[in-house]
Amino acid sequence: MNSRSHQIVAVIGAGPAGLMAAEQIANAGYQVHVYDAMPSAGRKFLLAGKSGMNLTHAEEFEKFIRRYRERSQDLQDYLQRFDAEEIRSWAKKLGIETFIGSSGRIFPVDMKAAPLLRAWLHHLREQGVQFHMRHKWIAYEKSTLIFTTPDGAINIQPDAVVFAMGGASWKRLGSDGMWAAILEQNGIAISPFQASNCGFMREWSAHFSERFAGTPLTNVLATVKSLTGGNLSRQGQFVITERGVEGSLIYALSAELRNQIRANTYAELVLDLLPGKSNARVLDELDSPRGSRSLSSHLRSKLGLHPVHCALLYELLTEAELKDNAVLAAKIKALPIRLDKTCPIDEAISSAGGVDFSELDKDLMLKAHPGWFCAGEMLDWEAPTGGYLLSACFATGAAAGRGVSEWLASH
Ligand SMILES: Cc1cc2nc3c(=O)[nH]c(=O)nc-3n(C[C@H](O)[C@H](O)[C@H](O)COP(=O)(O)OP(=O)(O)OC[C@H]3O[C@@H](n4cnc5c(N)ncnc54)[C@H](O)[C@@H]3O)c2cc1C
1354 MNSRSHQIVA VIGAGPAGLM AAEQIANAGY QVHVYDAMPS AGRKFLLAGK
1404 SGMNLTHAEE FEKFIRRYRE RSQDLQDYLQ RFDAEEIRSW AKKLGIETFI
1454 GSSGRIFPVD MKAAPLLRAW LHHLREQGVQ FHMRHKWIAY EKSTLIFTTP
1504 DGAINIQPDA VVFAMGGASW KRLGSDGMWA AILEQNGIAI SPFQASNCGF
1554 MREWSAHFSE RFAGTPLTNV LATVKSLTGG NLSRQGQFVI TERGVEGSLI
1604 YALSAELRNQ IRANTYAELV LDLLPGKSNA RVLDELDSPR GSRSLSSHLR
1654 SKLGLHPVHC ALLYELLTEA ELKDNAVLAA KIKALPIRLD KTCPIDEAIS
1704 SAGGVDFSEL DKDLMLKAHP GWFCAGEMLD WEAPTGGYLL SACFATGAAA
1754 GRGVSEWLAS H
């Protein structure tokens, strides 16, 4: 038995970040114990697989890293060391082939999370990693970690720790964000959690909401003003909901929309309903004779607008604006929608906020607690959907795992 196998590392959180850290540390020859509050591992990871498990993205690194916004620099080294190619070859070693979709997103060939998670857990157990489920970390005193378990409270004193307890959305899958108060009480700076990749709320008229909730608006161009100057535009689709809007296009703009709401109490999303047609062309079509047809059927037959587009114009414009072709054409090309709030954080795909990077060294070790590392969504970064979330969880998990091994080797 080598001296390493006597040293015990606790990984708290059996999501993708914690499991990746566990894998690195077990590879280096240390004893790894993974603790998780839930009855089974990787519950959010499994949910992510329900709508097509998007592991990472194939775009060139310069573009890829910009998706992490203000944290691009903080995350760059970790993501470079565990990039999309590395993620693909890691999955392949677990027997999971991947492919690059037409959008550049990378998926397992069966699009599912369960076979990958199963293979991963099997591999970890073979490496000797031990799992302790239904163990919730609730406090610490000096170097002793305290957990509640079905058999009462237990204390452990590992040689090193990786915290990977996730963000603050989808509490029922385990990531309840309660760890933040424990660290904060002990003087660690935590940026407040905020919803990210989330829907937004506005009050629709009862008529519009009853008729169109659940209806997608396809192929629209949405623009938001960024607080740091300039506009951010994305083309795609989103869904009208009973209480507002959500879907991939909205998620892609969610950080800007949320920041606008924080600064101005509301956000303005500007929609181009016909991105393929110029303003002049739209006006031309509107000006063509419509005979006895209603405005809606004119908009549908001349401009190809869908009933939901037309209803949105009726919902948001005044009668005078609808009657003035020049104004109507301009609004079809730039229709402002006021959004009042983010949807509740618990429903968001991910959360912004978490452990401040100023608290961590380059190996993701807490400066205030040598030997204790952090990884995954519990760190203060955010990114859009498209595989960027899991990429950063894998990459920071791997970095924390390497950090633990190096730290133990030198102590
Ligand atoms: C619907 C949905 C779809 C998604 N789809 C994708 C996708 O396709 N691609 C992508 O890149 N990302 C996707 N994501 C995001 C991705 O799943 C998360 O970013 C990722 O799971 C975060 O990993 P993590 O390991 O940091 O935390 P988590 O996966 O949240 O794991 C944290 C673990 O810590 C445990 N824990 C928390 N507190 C304690 C405690 N006090 N004591 C003990 N254990 C604790 C939890 O039980 C949990 O198991 C999706 C998310 C959702 C909700």
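Using my numbering, you'd call the opening residue of the sequence shown number 1354 and step up by one each time.
Ideal Cβ positions, reconstructed from N, Cα and C, are used throughout, including at glycine.
Non-local beta-carbon contacts of leucine 1428 in its own chain, meaning distances under 8 Å to residues more than five positions away in sequence, involve Ile1418, Tyr1421, Trp1734, Ala1745, Ala1748 and Thr1749 in chain order.
If you compare the alpha carbons of Asn1550, Ser1425, Phe1726 and Leu1681 with that of proline 1737, the shortest gap goes to Asn1550.
Of the other Cβ atoms in all chains shown, fewer than 16 fall within 10 Å of the Cβ of aspartate 1709; this residue is therefore exposed. If you draw a straight line from the Cα of leucine 1400 to the Cα of alanine 1363, it comes to about 25 Å.
A check of alpha carbon separations from tryptophan 1725 across Ala1701, Glu1700, Ser1703 and Gly1756 identifies Gly1756 as the nearest.
Here the alpha carbon of tryptophan 1760 sits roughly 24 Å from the alpha carbon of isoleucine 1535.
Inter-residue distance for tyrosine 1667 and glutamate 1700 is about 30 Å (C-alpha atoms, whole angstroms). Annotated three-state conformation of tyrosine 1493 is strand, per DSSP. In terms of Cβ geometry, leucine 1627 and isoleucine 1685 form a close pair [threshold 8 Å]. Beta-bridge analysis with DSSP links glycine 1707 to Ser1544. Checking the 7 Å criterion, the Cβ of serine 1647 is out of range of every heavy atom belonging to ligand 1.
Rounded to whole angstroms, the separation of the alpha carbons of lysine 1720 and phenylalanine 1591 is 43 Å. If you draw a straight line from the Cα of alanine 1542 to the Cα of proline 1660, it comes to about 50 Å.
For the alpha helix (DSSP H) assignment, the uninterrupted runs of no fewer than 4 residues enclosed by the segment 1642-1675 are, from N- to C-terminal side, 1648-1656 and 1660-1669.
The beta carbon of glycine 1754 sits no closer than 7 Å to any heavy atom of ligand 1. Taking 8 Å as the cut-off, the beta carbon of glutamate 1609 is found no closer than this to the beta carbon of serine 1586.
With a cut-off of 8 Å on Cβ pairs, the segment 1689-1706 is in contact with the segment 1613-1629, counting three or more such pairs. Residue pairing by DSSP places methionine 1486 opposite Asp1389 in a beta bridge. Check the Cα spacing between alanine 1492 and each of Trp1532, Ser1393 and Gly1405: the tightest is with Trp1532. Sequence-distant partners of threonine 1576 (beyond 5 residues in either direction) whose C-beta falls short of 6 Å from its own C-beta, in its chain, are Asn1584, Ser1586 and Val1623.
Taken through DSSP and simplified to helix, strand or coil, tryptophan 1725 comes out as strand.
Exclusion of the five residues before and after leucine 1474 leaves Ala1394 as the residues of its chain whose Cβ lies within less than 7 Å of its Cβ. Contact annotation, phenylalanine 1553 with valine 1515: C-beta distance approximately 35 Å; criterion of less than 8 Å not satisfied.
For tryptophan 1557, the closest of Met1718, Leu1669 and Gly1368 by C-alpha to C-alpha distance is Leu1669. Closest in C-alpha terms to methionine 1731, from the list Glu1494, Glu1537 and Gln1510, comes Glu1537.
The beta carbons of alanine 1367 and phenylalanine 1484 sit closer together than 8 Å. Look at asparagine 1508 here: in three-state DSSP terms it is strand.
Between cysteine 1727 and alanine 1705, the CB-CB gap reaches or exceeds 8 Å. In the displayed model, threonine 1749 falls within a helix according to three-state DSSP.
Counting C-beta atoms within 10 angstroms of its own C-beta, aspartate 1625 has 16 or more neighbours from the protein chains shown and is therefore classed as buried. Only residues of its own chain outside the window of five on either side were considered, and among them Gly1706, Asp1709 and Asp1733 have a CB closer than 6 Å to the CB of serine 1544, listed in chain order. Contact between lysine 1489 and alanine 1390 holds: their C-beta atoms lie close to 4 Å from each other, under 8 Å.
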